[in-house]
Amino acid sequence: MQTNSKKYLFAAGTWVLLLLLTFLFLTPILWVIGSSFKSTGELFSWPPSLIGKNPSLYNYKKALEEGHFGIYFFNTVFTSVVATFLTVVVNVMSGYAFAKYRFKGDKIIFGIVLATLMIPLEVIMIPIFKVIVATNLYNSLWGLIIPAVASPTAVFLVRQYYVGIPDAYMEAARIDGASEASILMRIMLPLAKPVISVLCIFSFMWRWNDYLWPKLVINSKERYTIQLALANYSGEYSVDWNSLLAMSVISMIPVIIVFVTLQSYIIGGMTAGGVKE
Numbered sequence: 001m002q003t004n005s006k007k008y009l010f011a012a013g014t015w016v017l018l019l020l021l022t023f024l025f026l027t028p029i030l031w032v033i034g035s036s037f038k039s040t041g042e043l044f045s046w047p048p049s050l051i052g053k054n055p056s057l058y059n060y061k062k063a064l065e066e067g068h069f070g071i072y073f074f075n076t077v078f079t080s081v082v083a084t085f086l087t088v089v090v091n092v093m094s095g096y097a098f099a100k101y102r103f104k105g106d107k108i109i110f111g112i113v114l115a116t117l118m119i120p121l122e123v124i125m126i127p128i129f130k131v132i133v134a135t136n137l138y139n140s141l142w143g144l145i146i147p148a149v150a151s152p153t154a155v156f157l158v159r160q161y162y163v164g165i166p167d168a169y170m171e172a173a174r175i176d177g178a179s180e181a182s183i184l185m186r187i188m189l190p191l192a193k194p195v196i197s198v199l200c201i202f203s204f205m206w207r208w209n210d211y212l213w214p215k216l217v218i219n220s221k222e223r224y225t226i227q228l229a230l231a232n233y234s235g236e237y238s239v240d241w242n243s244l245l246a247m248s249v250i251s252m253i254p255v256i257i258v259f260v261t262l263q264s265y266i267i268g269g270m271t272a273g274g275v276k277e
């Protein structure tokens with residue numbers, strides 16, 4: 001009986017802790033969503049309220065019509081989706097090659113790829129920026145997409161995942177006359193859905209929330225991403241909080257959709273990436 005009581009007490013304490021953490025994490029998000037429906041007066045009124053006495057969609061209308069939000073939203077969706085697609089294609093093929101093919105110097109090359117993980121982004125940012133300028137990609141959406149397509153972290157995750165898949169699948173397919181491309185597309189890719197989903201989530205969220213690189217590469221407003229547009233609402237002497245909150249809420253929607261759609265694969269993909277040889 002004492003053992004059962006301790007189990008129930010532990011379970012109850014766990015639930016209370018989880019509910020408390022959930023409340024702490026969700027409160028700022030709910031506050032932003034509620035405040036996006038408030039007028040300027042209600043936003044700074046006391047005592048505060050979640051959505052105000054007279055909630056309105058005016059802030060959203062203002063952000064969409066006067067703030068050119070549609071252009072910024074399209075730029076961000078385009079760069080995030082295209083960069084995510086290219087990231088998956090390049091890194092899945094690279095990780096697959098390192099895991100399943102043996103060639104001279106393969107371990108040395110893979111070690112060099114892993115070594116780049118120790119180089120901070122700030123160190124290589126200026127050289128990459130010079131390459132972008134030299135290739136006429138400055139102030140272009142492609143200048144945001146191309147530099148981050150190849151990721152050593154993604155190569156490592158994919159490679160470790162494929163290491164855990166038996167070579168017997170490939171050998172059986174070769175006996176049946178399948179080409180190397182068919183083996184990758186029809187057998188190995190479907191088996192890698194968990195790790196590909198993880199790459200999609202992380203890559204999309206990184207591009208969607210990136211501020212520093214777009215700030216360096218983009219200098220015209222018609223090519224701004226959402227993060228640059230949000231920062232633009234903060235003036236030298238004032239901040240347009242109403243439009244800022246409305247745009248922040250809209251900018252969260254795609255990330256939430258991507259995460260909810262693919263979140264079931266996160267744990268499987270991450271744990272599979274830790275398989276030992």
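Going by UniProt numbering, the first residue of the sequence shown is number 1, and it counts up by one from there. Cβ coordinates follow ideal geometry from the N, Cα and C atoms, glycine included.
So is residue i buried or exposed if we call it buried at 16+ other beta carbons inside 10 Å?
i      : result
MET185 : exposed
THR84  : buried
LYS130 : exposed
PHE259 : exposed
THR225 : buried
THR14  : exposed
ILE256 : exposed
MET118 : exposed
GLN263 : exposed
GLY143 : buried
For the alpha helix (DSSP H) that contains residue i, what are its first and last residues?
i      : result
ILE112 : 106-115
THR225 : Note, THR225: premise wrong, no alpha helix (DSSP H); not H, not E.
ASN91  : 69-100
GLY143 : 142-145
PHE129 : 121-134
PRO214 : 212-217
TYR161 : 152-163
TYR58  : 58-65
Any idea what DSSP makes of residue i, helix, strand or coil?
i      : result
VAL195 : helix
VAL239 : strand
LEU30  : helix
SER36  : coil
PRO48  : coil
LEU137 : coil
SER179 : coil
PRO190 : helix
PRO166 : coil
PRO55  : coil
VAL149 : coil
LYS6   : helix
PHE259 : helix
PRO103 : Residue 103 is actually Phe in this sequence, not Pro. In this structure, PHE103 counts as coil in the three-state DSSP scheme.
At the 8 Å Cβ level, is residue i part of the contact set with chain D, yes or no?
i      : result
TYR169 : No chain D appears in this structure, which consists of one protein chain only.
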